[in-house]
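Input: a single structure, listed below in C-alpha cells.
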Amino acid sequence: MSGILVFGNGWIGNKFIERYPEARMSTVMIEKPSDLAEVLEREEPDAVLNCAGLTGTPNVDWCETHQLETAMANTWLPIMMANECAKLGIHLTHLSSGCMFYGDSPDPKGWLESDFPNPAAYYSKTKAAADFVLADLKDVAIARLRIPMDPMPSAKNSITKIASYPKVIDVKNSVTVVEDLLDVLKQLIDKRAQGVFHVVNPEPLTYRDLMKWYEEIVDPNHKNEWITEEEMVSGGLTAKKRSTNVLQNTRLAEFGIQMRPTEEAMKDLLTKYAAYLNNK
Ligand SMILES: NC(=O)c1ccc[n+]([C@@H]2O[C@H](COP(=O)([O-])OP(=O)(O)OC[C@H]3O[C@@H](n4cnc5c(N)ncnc54)[C@H](OP(=O)(O)O)[C@@H]3O)[C@@H](O)[C@H]2O)c1
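Going by this note's numbering, the residue at position 252 of the sequence shown is 255; the numbering climbs one at a time, nothing skipped.
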C-alpha cells in the first residue's frame, strides 16, 4: 500500500495533484461499488481524497433541476467510498461544503463543526446528508470549504466569479483560500484525522473589503453595484438564496493545523492573481 489516490478529476482535485505530484488521480467514473473496489485493489493507496461531486453548471441552481444526479454524486458516492475504503483499511478524506449553514449561528462567533445544518438549496442538502453518515466513521475526515479563492483566474474561482458580477451582495462570509486548503488536506491525510473540519481562513471576509482590495491590487478601474441578498433572488439573478454564513474552524487546532489570517492570505493571493493577469 502506498500514497494518496484522488477521485474527482476536476478543479480542486487537479489543484491537489499540481501541489503534491506524488499523489495519483483516478479518472474512472464510479457508477457502482465494484468500479471503486477494482480501482482500490489495483492502486492500493494508503489514503483516498474524494474531490468528486456535482456542483452544477453554470452554478448550483442546476442541482435544483437535476436532483437525483446530484444526490448520487454528492451523497451516495461518498458513502460508497467510505464503505469500500473501510474494507481495505484506507483512510478517506472527503470534501464537503460549509454552504449547508444558512444565516445567523447559535454562537455569535459562527457555526461550529458540531452544529446541526439547516440547508435550503438541494446541493447543500446532498452535501449535508453525506456528512451526517460519514461524520462518526472511523478513519474518515470531512473537510468543509467555502467560497474557494485561488490565485489563478478560472470560472470556478470565487474571485473571478465575484469580480465578474455587475451587482455584488453586501454580505460577510467565511472563505477558503485554496493554497491553504491544499496544505490542510495533506495534513489531515498524513495525520489520519477523523471527524468534521471547517477548512476556512479564521476571520470572515466582507465582500466590501474583498472588492476594495481587488481594486487596490488587481484592477483600479473595477466597479460594481451593491445589492442585498433579497434583491439577488427577487431580481432573478439566482433561483435560490445563496448560503451566507460565518464558520468557526475550531477542530483543526486539535491536530496542530493552522490557516493564515484571512486578510494576509487574501492580499497574497490577489497579488499573485494580478501578476498572472499582467503576465498573460
Ligand atoms: N468549487 C466550489 O466552489 C466548492 C465549494 C465548496 C465545496 N466544494 C466541494 O469540493 C468538491 C470538488 O469541487 P470542484 O469545484 O473541484 O468540482 P469539479 O471541478 O466539478 O470536480 C468534480 C469532479 O468530480 C467528478 N465526478 C462526478 N461524479 C463522479 C463519479 N461518480 N465518479 C468519479 N468522478 C466523478 C466530475 O466529473 P464530471 O465533470 O464528468 O461530472 C468532476 O471531474 C465537491 O465535492 C464540491 O461539493 C466545492
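For glycine and all other residues, C-beta sits at the position ideal for the given N, C-alpha and C.
Contact set for residue i: own chain, Cβ-Cβ below 7 Å, skip 5 residues either direction
i	result
lysine 194	Phe258
methionine 83	Pro36 and Leu39
lysine 283	none
asparagine 72	With the sequence shown as reference, residue 72 is identified as glutamate, and asparagine is not the correct amino acid for it. Excluding residues within five positions, the ones whose Cβ falls inside 7 Å are Leu57.
valine 143	Ala85, Leu95, His97, Leu137 and Gln197
glutamate 87	Pro36, Leu39, Ala40 and Leu43
isoleucine 20	Val9, Ala26 and Met28
methionine 155	Tyr279
asparagine 227	Tyr168, Pro169, Lys170, Val171 and Met214
Given residue i as reference, the closest of the options once Cα atoms are compared
i	options	result
isoleucine 162	Leu208, Asp186, Ile145 and Ala131	Leu208
alanine 278	Ile220, Ile165, Glu25 and Val181	Ile220
aspartate 139	Val31, Val51, Leu95 and Asp222	Leu95
lysine 215	Leu273, Gln251, Gln190 and Lys159	Leu273
tyrosine 125	Met103, Glu87, Arg149 and Leu8	Met103
aspartate 64	Lys275, Val236 and Asp173	Val236
aspartate 49	Glu34, Thr68, Pro61 and Arg27	Arg27
proline 111	Asp271, Thr30, Val249 and Met269	Val249
arginine 211	Cys54, Lys175 and Asp118	Lys175
arginine 22	Lys275, Ser157 and Lys189	Lys189
aspartate 134	Pro154, Ser99 and Glu267	Ser99
lysine 270	Met32, Thr68, Leu115 and Glu218	Glu218
glutamate 267	Leu8, Leu213 and Leu115	Leu213
glutamine 251	Met152, Asp222, Glu116 and His225	Glu116
asparagine 160	Thr30, Pro61, Met32 and Asn281	Pro61
alanine 158	Lys226, Gly59, His69 and Cys66	Gly59
Nearest-angstrom Cβ-Cβ length linking residue i and residue j, presumed shorter than 8 Å
i	j	result
arginine 263	aspartate 183	6 Å
serine 167	valine 203	Their Cβ separation, rounded to whole angstroms, is 23 Å, which puts serine 167 and valine 203 out of contact at 8 Å.
lysine 170	isoleucine 230	5 Å
glutamate 25	glycine 6	7 Å
valine 51	isoleucine 15	Not confirmed; about 14 Å, so no contact.
leucine 148	threonine 179	4 Å
phenylalanine 10	asparagine 53	5 Å
serine 127	aspartate 118	Their Cβ separation, rounded to whole angstroms, is 14 Å, which puts serine 127 and aspartate 118 out of contact at 8 Å.
alanine 55	leucine 91	Rounded, the Cβ-Cβ distance is 18 Å, inconsistent with contact.
proline 151	valine 181	5 Å
asparagine 3	threonine 30	Residue 3 lies beyond the residue range present for the chain, which begins at 4 and ends at 283; the question has no answer from this structure.
Neighbourhood of residue i by C-beta distance below 6 Å, restricted to the same chain and skipping five residues each side
i	result
tyrosine 105	Asn121, Ala123 and Ser246
alanine 74	Thr129
Element boundaries [alpha helix (DSSP H), containing residue i]
i	result
phenylalanine 19	14-22
valine 178	Taken as a continuous stretch (DSSP letters only), valine 178 belongs to no alpha helix (DSSP H), as it is neither H nor E.
alanine 133	125-137
leucine 280	265-281
lysine 90	80-91
threonine 58	Threonine 58 -> no alpha helix (DSSP H), and no H or E assigned at all.
glutamate 219	210-220
glutamate 72	70-74
Host beta strand (DSSP E) of residue i (start-end)
i	result
arginine 45	Note, arginine 45: premise wrong, no beta strand (DSSP E); alpha helix (DSSP H) at 36-46.
serine 29	27-29
alanine 50	50-53
isoleucine 7	7-10
phenylalanine 200	198-201
Coil, strand or helix - residue i by DSSP
i	result
proline 151	strand
glutamate 228	strand
phenylalanine 104	coil
valine 187	helix
isoleucine 145	strand
valine 249	coil
lysine 170	strand
serine 117	coil
threonine 96	strand
valine 236	helix
isoleucine 165	helix
asparagine 204	coil
alanine 290	This structure cannot settle anything about residue 290, because the visible part of the chain is limited to 4 through 283.
isoleucine 192	helix
Residues near residue i in its chain [Cβ-Cβ closer than 8 Å; skip 5 each side]
i	result
valine 187	Ala146, Phe200, Val202, Leu255, Ile260 and Met262
glutamate 232	Ile172, Val174, Lys244, Arg245 and Thr247
lysine 141	Ala89 and Gln197
glycine 238	Lys170 and Ile230
glutamate 206	Pro264, Thr265 and Glu266
histidine 225	Ala166, Met214, Tyr217 and Glu218
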